[in-house]
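According to full-length UniProt numbering, the sequence shown is numbered sequentially starting from 1. Structure record follows, encoded as structure tokens.
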Amino acid sequence: YKSLRKLYVLVLDGVTIRDGSKFLKAVGSFPSLKTISLKFSNFTGTVNGQGLFRLRNLQELRMGGNDLRGTLPWCLANITSLKVLDLYLNQLTGNISSSPLLHLITSIEYLVLSYNHFQISFSLELFFNRSKLKAIIGGINEIYVEPESSHSMAPKFQLEYVELSGSGIHATFPKFLHNHHVLEYVDFSGNYLRGEFPNWLLENNTKLRTLVLRNNSLLMYLNLSRNEFDGSIPSSIGDMNSLKFLDLSHNQLTGEIPEHLAMGCFNLQYLVLSKNSLHGLYMSDNNLYGNVPAWLGNLSSLDDIMMARNHLRGLIPLEFCQLNYLKILDLSENNISGILPSCSGHSFIQQVHLSKHMLHGPLEYGTFLNRSHILTLDLSYNSFSGYIPYWIGRLTYLRYLIWAINNLEGEVPIQLSWSKELQLIDLSNNNLFGEIPSCLDNTSLHNNGYNDGSSASAFNRDVRGTYSAGSSTMEKEESLMFTTKETSYLYKGKPLNKMYGIDLSCNKLACEIPPQIVWLTITYQEKIPEWTAQFTTFKEDSYEGNPLLCGKPLPDCDAATVPEASNEENDNSLIDKDSFYITFTSSYVIVILAIIGVLYVNPYWHHRWFYLIEKWMTSSFYCIFLFLFLFFHMM
1 YKSLRKLYVL VLDGVTIRDG SKFLKAVGSF PSLKTISLKF SNFTGTVNGQ
51 GLFRLRNLQE LRMGGNDLRG TLPWCLANIT SLKVLDLYLN QLTGNISSSP
101 LLHLITSIEY LVLSYNHFQI SFSLELFFNR SKLKAIIGGI NEIYVEPESS
151 HSMAPKFQLE YVELSGSGIH ATFPKFLHNH HVLEYVDFSG NYLRGEFPNW
201 LLENNTKLRT LVLRNNSLLM YLNLSRNEFD GSIPSSIGDM NSLKFLDLSH
251 NQLTGEIPEH LAMGCFNLQY LVLSKNSLHG LYMSDNNLYG NVPAWLGNLS
301 SLDDIMMARN HLRGLIPLEF CQLNYLKILD LSENNISGIL PSCSGHSFIQ
351 QVHLSKHMLH GPLEYGTFLN RSHILTLDLS YNSFSGYIPY WIGRLTYLRY
401 LIWAINNLEG EVPIQLSWSK ELQLIDLSNN NLFGEIPSCL DNTSLHNNGY
451 NDGSSASAFN RDVRGTYSAG SSTMEKEESL MFTTKETSYL YKGKPLNKMY
501 GIDLSCNKLA CEIPPQIVWL TITYQEKIPE WTAQFTTFKE DSYEGNPLLC
551 GKPLPDCDAA TVPEASNEEN DNSLIDKDSF YITFTSSYVI VILAIIGVLY
601 VNPYWHHRWF YLIEKWMTSS FYCIFLFLFL FFHMM
């Protein structure tokens, strides 16, 4: 051993040491040692302090990943130069507040105690006085909460790394961190912390790189604004179901806003994401209240806004005109009112869903809808008025035009035929008049579902978009509600791609349907096309609700002038067959039950009834017997 008396570093990690106590006793013969590392060396039993207490120059002792048991030996208190103590993953016990560590607080800087059975105070008050502690890793131990000290003692050490996780202690966030300004790593996960999120932790620690707070209940207000965070918003934020306020503005965040954020944070009231490079906002089918947020217009890279079926109100913000890369706008089924904003400039918007609102005003003037890239335009169930705008012909890629149930008037413009991709038109329940343009034959309606998808187009005919977010890819299919015979059906994906139709019912149209489009399966207020091919499959009730229609199978157009509904027809139309059958059946059952009730309650009528039944059966029997006797006798 004499040749090793000047040994400074001893590293035997992973080397099996059969007799640990004897080995530690021998190590005491090397007084110059500064570092001992015996990690994962199959040490078992208690820590024998004989030999260690002589190592007055020892600065690092690493014995993690063994099977050490019992408490820490008091001889460690003599190693006053010790800076690093690593006892990770053992079976050690005891309260560190009454252990040899109490005498090492002036020297110890890095303390690793995780995955043991130590009792550790969550406040770390043991180290408040004269400590140089920089890092403590104490997770998966018996962490406990002490009552708050009556005096406001500020720790003299500055932690860089703190990990006290996985104890489920149900405490508030430790206040002693108020005075720390150089933190780089904080992990308090699995402690069910409650209360408000400590924004001061982020404000005070500009070098913070990692913050792990999963499985806690303290996140109600989270303000991470005006930093330099980059990358995408983690979807795990959606697991913070107590979150009410989230401000991520003025950062360098990119990618999509995770859908799980909207679905999981069901208590979220305020979301601020301005001054980033995000795209894609998916918050449909929630309980969002208030006005449509105008700050969305500041998200210049935003691709999609999908906030359908909420409780939003107010106007569509003029700031939306700044979203030059917006592709999908879906605000349907809210309480939005007012007129559509008028925008100028170029836009790549493709899908607009604004159905079931209180929007009004004319459409013939320039709006943000006047964009040549639009594929879907759904403005149904509103109060738009005026004429169908002529700029509709400039929407050369338009495929789905759903403007039903508004107050539109005038003629159906021939400019509709300029949209060669049109395959679904619903202008029902308006005040349109005049003739139907025969040139609609020039649109995709001519294909009538037999398109093989081979036509060239600048857009994918499946009307879907593929967007990348980090390493994941999400595909969004177009979906559309189409109403026929007062029944609404939702079409999406390939079924929608094969959907062709036109509905002009419940208007004031007149004249015959142009022969160029007699092949369409449609409902009009005019003459029905020649009763051939697929039209022979439609019965008379297929044309109900169109009083001005004529021709087979309805009355001949020449048989009468304008087919006004007669009084008799009006009277018949007031009779609902289903209601009639239900009323008749219920009345019949009530009469039968009333007769049975009377016979049951009144003994006289009861006997009288059965007497008559018996008499009728007897007479019937004799009549039948006599008839059969005479019949066979005559034969």
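By construction, the Cβ of each residue, glycine as well, lies at the ideal position given by its N, Cα and C atoms. Just so you know, these numbers come straight off a predicted model, no measurement behind them.
Under DSSP, the beta-bridge partners assigned to residue 360 are 383.
Counting other Cβ atoms within 10 Å of its Cβ, residue 146 stays below 16 and is therefore classed as exposed. Across the set 386, 405, 585, 283, the C-alpha of 283 shows the shortest separation from the C-alpha of residue 269. Across the set 69, 156, 247, the C-alpha of 69 shows the shortest separation from the C-alpha of residue 48. The three-state reading of DSSP puts residue 239 in helix, counting H, G and I together.
Counting along the chain, residue 608 sits inside the alpha helix (DSSP H) bounded by residues 603-634.
Judged by their CB atoms, residue 377 and residue 395 are nearer to each other than the 9 Å cut-off.
Of 226, 135, 417, 74, the smallest CA-CA separation from residue 86 is found for 135. Annotation: residue 215 to residue 258 spans about 20 Å, alpha carbon to alpha carbon. If you ignore the 5 residues before and after residue 599, its C-beta comes within less than 7 Å of the C-beta of 605, 606, 609, all in its own chain and listed in chain order.
Put simply, the backbone Cα of residue 102 is about 18 Å away from that of residue 158. With 16 or more other CB atoms across the displayed protein chains lying within 10 angstroms of its CB, residue 327 is buried. In this chain, the alpha helix (DSSP H) harbouring residue 203 covers 199-204. DSSP places residue 126 in no alpha helix (DSSP H); its state is neither H nor E.
The shortest CA-to-CA distance from residue 508 to any of 334, 493, 436 is the one to 436. Judged by beta-carbon spacing, residue 125 lies within the 9 Å limit of residue 176, meaning their Cβ atoms are closer than that value.
In this structure, the beta-carbon distance from residue 479 to residue 492 falls below 9 Å. According to the DSSP assignment, residue 27 belongs to the alpha helix (DSSP H) that extends over 20-27. Apart from sequence neighbours up to five positions away, the residues of its chain that approach residue 410 with a beta-carbon distance below 6 Å are 387, ordered along the chain.
The C-alpha of residue 399 is placed about 12 Å away from the C-alpha of residue 372.
Excluding five sequence positions before and after residue 36, the CB atoms of its chain that fall closer than 6 Å to its own CB belong to 10, 61, given in chain order. A distance of 9 Å or more separates the beta carbons of residue 408 and residue 438. Beta-bridge annotation (DSSP): residue 492 is paired with 479.
Residue 239 is not a Cβ neighbour of residue 222, given a cutoff of 9 Å. DSSP places residue 503 inside the beta strand (DSSP E), whose first and last residues are 501-503.
Annotation for residue 426: the continuous beta strand (DSSP E) segment containing it runs 424-426. Each of 312, 80, 271, 41 was checked against the Cα of residue 104, and the nearest Cα belongs to 80.
The Cβ atoms of residue 107 and residue 88 do not sit closer than 9 Å to each other. Secondary structure note for residue 311: its beta strand (DSSP E) is the uninterrupted segment 311-314. DSSP, read as helix, strand or coil, puts residue 297 in helix. Per the DSSP secondary-structure output, residue 85 pairs in a beta bridge with 61, 111.
With 16 or more other Cβ atoms inside 10 Å of its own Cβ, residue 356 counts as buried. Ranked by how close their Cα comes to the Cα of residue 482, the residues 440, 423, 236 have 423 in first place. If you draw a 10 Å sphere on the C-beta of residue 342, you find fewer than 16 other C-beta atoms in it, and that means exposed. The DSSP-derived three-state label of residue 303 is coil.
Within the DSSP secondary-structure output, residue 13 pairs in no beta bridge.
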